[in-house]
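The structure under discussion appears below in the form of structure tokens.
Numbering (the UniProt record's numbering), first residue to last: 1 to 103.
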């Protein structure tokens with residue numbers, strides 16, 4: 001069983017301070033139930049592929065909660081294809097959080 005210390009240390013690897021991590025856990029306590037591997041996968045994808053700052057999870061904890069293969073990756077791929085086609089969204093101020101909440 002993973003300890004809370006291991007989960008905090010995992011997020012610290014991405015440059016989040018301990019204070020930021022506890023603030024995040026205060027906003028979304030269910031994060032403490034996620035496995036280290038799930039958080040690692042989602043954070044790596046958000047930082048490496050989506051080119052987001054690690055601190056973006058502070059504003060959008062759904063990035064850690066959502067399923068990478070069935071929610072995050074397909075939506076990111078769709079957005080990439082839309083922009084590759086030269087199309088622009090009709091809705092202004094679209095955020096990844098909005099896209100992830102859509103079913």
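Each residue gets a CB set at the ideal place from its N, CA and C atoms; glycine is no exception.
Might you give, ordered along the chain, the residues of its own chain that have their beta carbon closer than 7 Å to the beta carbon of residue i, omitting 5 neighbours on each side?
i          : result
residue 28 : 61
residue 75 : 99, 100
Return the residue from the list the options that minimises the CA-CA distance to residue i.
i           : options        : result
residue 100 : 30, 86, 77     : 77
residue 11  : 21, 3, 50      : 21
residue 31  : 81, 6, 50, 49  : 6
residue 13  : 73, 75, 2, 55  : 55
residue 116 : 33, 71, 43, 68 : Examination of residue 116 is not possible in this model, given that the chain is present from 1 through 103 alone.
Once you ignore the five residues that flank residue i on each side, which residues in its own chain have a CB closer than 8 Å to its CB?
i          : result
residue 2  : 35, 36
residue 79 : 99
Length at least 4, wholly inside the stretch 5-77: the alpha helix (DSSP H) runs in chain order: Note on the stretch 5-77: whole alpha helix (DSSP H) runs with a minimum of 4 residues are 18-27, 36-44, 56-59, 62-65, in chain order.
At least three beta-carbon pairs within less than 8 Å, the stretch 37-46 to the stretch 17-24: no
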